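In this note's numbering, the protein residues as written are 339 to 520.
Built from N, CA and C at the ideal position, the CB exists for glycine as well.
Since this is a predicted model, take the numbers as computed values, not measurements.
See structure below.
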């Protein structure tokens, strides 16, 4: 009430309202005329020009203050809710992804054990076979020799591993066998 009718020449928003603009801004409550509003932390100042006739001159300007503390409190609460939702979402997502990876790793372990067991059965079968078994890779190099083949050809496995398979073929027949070695 004490400010009604007073003039404030340094108030830019008021000057704008007197020219017909509706102006608003968030106030820092630093102006002299705002000393009574400083108990509020955040205010929205709104300057509304009043005309008595449709296109007439501006008769007066109403300055409206809106306390934004409640709005900021609501925004702060919404921010907390968003952060909490985000954190809960990430924890849930982490749990789901952890479960997927854990199950996949268990499955891989089971498959690896199956492969190792299958390989052991294969090796055991090859070792105990009464027939000579020699395996080679694509380039014709020996990669497997069983005991029967060692006895049959007179070479130990250590002597023939990585060597050309043609060493087991008699010299006179080697030229007619193309085993990937040139």
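Comparing alpha-carbon positions, the option among 474, 483 and 451 lying closest to residue 466 turns out to be 483. In the three-state reduction of the DSSP assignment, residue 476 falls in the coil class, being assigned neither a helical nor a strand state. Of the candidates 511, 455, 396 and 471, the residue whose Cα lies closest to the Cα of residue 359 is 396. Rounded to the nearest angstrom, the gap between the Cα atoms of residue 402 and residue 387 is 11 Å. In the structure shown, residue 507 adopts coil according to DSSP, grouped into three states. Two segments are said to touch when three or more pairs of C-beta atoms, one from each, lie closer than 8 Å; by this definition the segment 463-482 touches the segment 498-507.
With a minimum length of 3 residues, the unbroken runs of beta strand (DSSP E) contained wholly in the segment 442-500 fall at 472-474 and 480-483. Counting along the chain, residue 350 sits inside the alpha helix (DSSP H) bounded by residues 350-356. In the DSSP annotation of this structure, the continuous segment of the beta strand (DSSP E) that includes residue 397 starts and ends at 396-405. Excluding the 5 residues flanking it on each side, residue 392 has no same chain C-beta neighbour closer than 6 Å.
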